[in-house]
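Numbering (the working numbering), first residue to last: 521 to 839.
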C-alpha cells in the first residue's frame with residue numbers, strides 16, 4: 521500500500537478548509553470533490569485538475585462539515601450558523617434548510633441507502649436523524665447519562681458528551697458517534713436504541729469511519745494522538761496506533777479495507793497498515809493542521825483527498 525502525491529491547490533478557499541468528501545459520479549456528472557471552509561462557502565472540484573466546478577453560498581458562518589448523498593445528486597453542508605443546507609449538486613439550488621439550536625450542528629453523514637441524514641448534535645449530546653424524502657426530523661438518538669447521575673440535561677457536566685463526529689456502518693444498521701469526553705456511543709438505528717459505549721480514548725473523538733467491508737470494524741481518531749480500531753459489535757478495542765505528534769483530526773478507511781488514512785494537527789497525513797498496527801507513510805504537503813482526509817474509489821483508481829487550515833487541497837493516488 522502506498523500514497524503517491526498527484527496535485528495540490530494552494531489557495532482553494534479564502535480561509536481554513538475544515539471538511540471534504542467525494543460526490544459519487546452520476547449519468548450527467550463525473551465524481552467531484554466537495555469542500556467546506558471557514559470562509560462560509562462550499563465548493564465542488566474536478567479531481568482531474570482541481571479546477572473549480574461551482575461554489576455554493578448561503579451560510580453566514582464557517583462550514584464545519586459536508587456530506588454527499590449516495591446518488592451523487594444532492595449534498596449537504598453544516599455550519600457554525602446552526603443550519604444544515606441541502607442542495608442540488610448540478611444546479612446548486614437549495615433543496616432544504618434544516619435548523620438546529622446553537623452549537624448543535626457538527627459532523628454529518630448520509631446513510632448507505634440515502635434515506636437518512638445523521639447530524640452530530642453537539643451540546644445536545646445526541647444525533648439527529650433527518651428523513652431525506654421530506655426533510656423532517658424522524659429521530660433523536662440521545663446518549664444516556666451515567667447511571668446514578670442526578671445532573672440535568674442542561675448542566676455543564678453534560679457538555680462532556682458534546683457530540684463531534686458520526687459514522688454509519690456499511691449496512692446502515694448501526695450508527696456511532698464520538699464525544700468530547702473521549703467516549704464513542706453505538707446505536708441500533710432501526711430500533712432507535714442505544715447499544716453501548718466504546719472506551720479507550722481520553723480526549724475528544726473528532727473523527728469516525730467504519731470499514732466499508734466489515735460492519736463490525738470501526739476506526740476512530742482522537743485528540744489523544746491515537747487511532748483506535750474497535751469491534752463495534754463486540755465492544756472490544758483490538759488495536760491502538762500511535763505516531764502523530766498532535767491531535768488526530770480525521771480518519772478514513774480505504775475502499776479495500778486494507779489501509780487507514782489520518783490527518784492531524786501535526787500538519788501531516790499518514791497512511792496506516794492495520795495489520796502492522798503502524799504508519800507506513802507520512803505525507804508533508806500541508807503547512808498547517810489537516811482537518812479532513814477522504815478516500816474515493818472510482819474509475820480513476822483510488823484517490824485520497826486532504827484539506828487543511830493552510831487553505832489548500834492535496835490529492836494522492838492510493839495503490
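All C-beta atoms in this analysis are idealised placements derived from N, C-alpha and C, irrespective of residue type, glycine included.
Whole-Å CB distance - residue i paired with residue j, under 8 Å assumed
i: residue 655; j: residue 712; result: At roughly 19 Å, the Cβ-Cβ gap does not stay under 8 Å, so residue 655 and residue 712 are not in contact.
i: residue 567; j: residue 554; result: About 11 Å separates the two Cβ atoms, so there is no contact after all.
i: residue 618; j: residue 599; result: So it is not a contact: roughly 11 Å between Cβ atoms.
i: residue 597; j: residue 586; result: 5 Å
Whether residue i touches residue j by CB criterion (9 Å)
i: residue 716; j: residue 702; result: no
i: residue 621; j: residue 644; result: yes
i: residue 629; j: residue 688; result: yes
i: residue 625; j: residue 640; result: yes
i: residue 718; j: residue 707; result: no
i: residue 783; j: residue 813; result: yes
i: residue 743; j: residue 768; result: yes
i: residue 836; j: residue 572; result: no
i: residue 753; j: residue 732; result: no
i: residue 709; j: residue 636; result: yes
i: residue 785; j: residue 766; result: yes
i: residue 557; j: residue 533; result: yes
First and last residue of the uninterrupted beta strand (DSSP E) at residue i
i: residue 629; result: 628-630
i: residue 801; result: 798-803
i: residue 525; result: 523-529
i: residue 748; result: 746-751
i: residue 540; result: 537-543
i: residue 761; result: 756-762
i: residue 663; result: Unbroken run through residue 663: none, as it is neither H nor E.
i: residue 767; result: From DSSP, residue 767 is part of no beta strand (DSSP E); its letter is neither H nor E.
i: residue 653; result: It is not in any beta strand (DSSP E) - residue 653 carries neither H nor E in the DSSP assignment.
i: residue 571; result: 571-576
Residue i classed as buried or exposed, judged by whether at least 16 other C-beta atoms fall within 10 angstroms
i: residue 561; result: buried
i: residue 652; result: buried
i: residue 576; result: buried
i: residue 677; result: Reliability fails at residue 677, whose pLDDT of 43 lies under 50, so the model's placement of it is uncertain and no value is given.
i: residue 826; result: buried
i: residue 588; result: buried
i: residue 798; result: exposed
i: residue 530; result: exposed
i: residue 781; result: buried
i: residue 605; result: buried
i: residue 608; result: exposed
CB contact below 9 Å: residue i versus chain D
i: residue 636; result: Checking the listed chains, one finds no chain D in this structure; it contains a single protein chain.
| query | Which runs of the beta strand (DSSP E) fall wholly inside the segment 680-707 and span at least 3 residues, in chain order? | reply | 683-688 and 694-699
| query | What are the uninterrupted segments assigned as beta strand (DSSP E) that are 3 or more residues long and contained completely in the segment 595-642, given in chain order? | reply | 603-608, 614-619, 628-630 and 636-640
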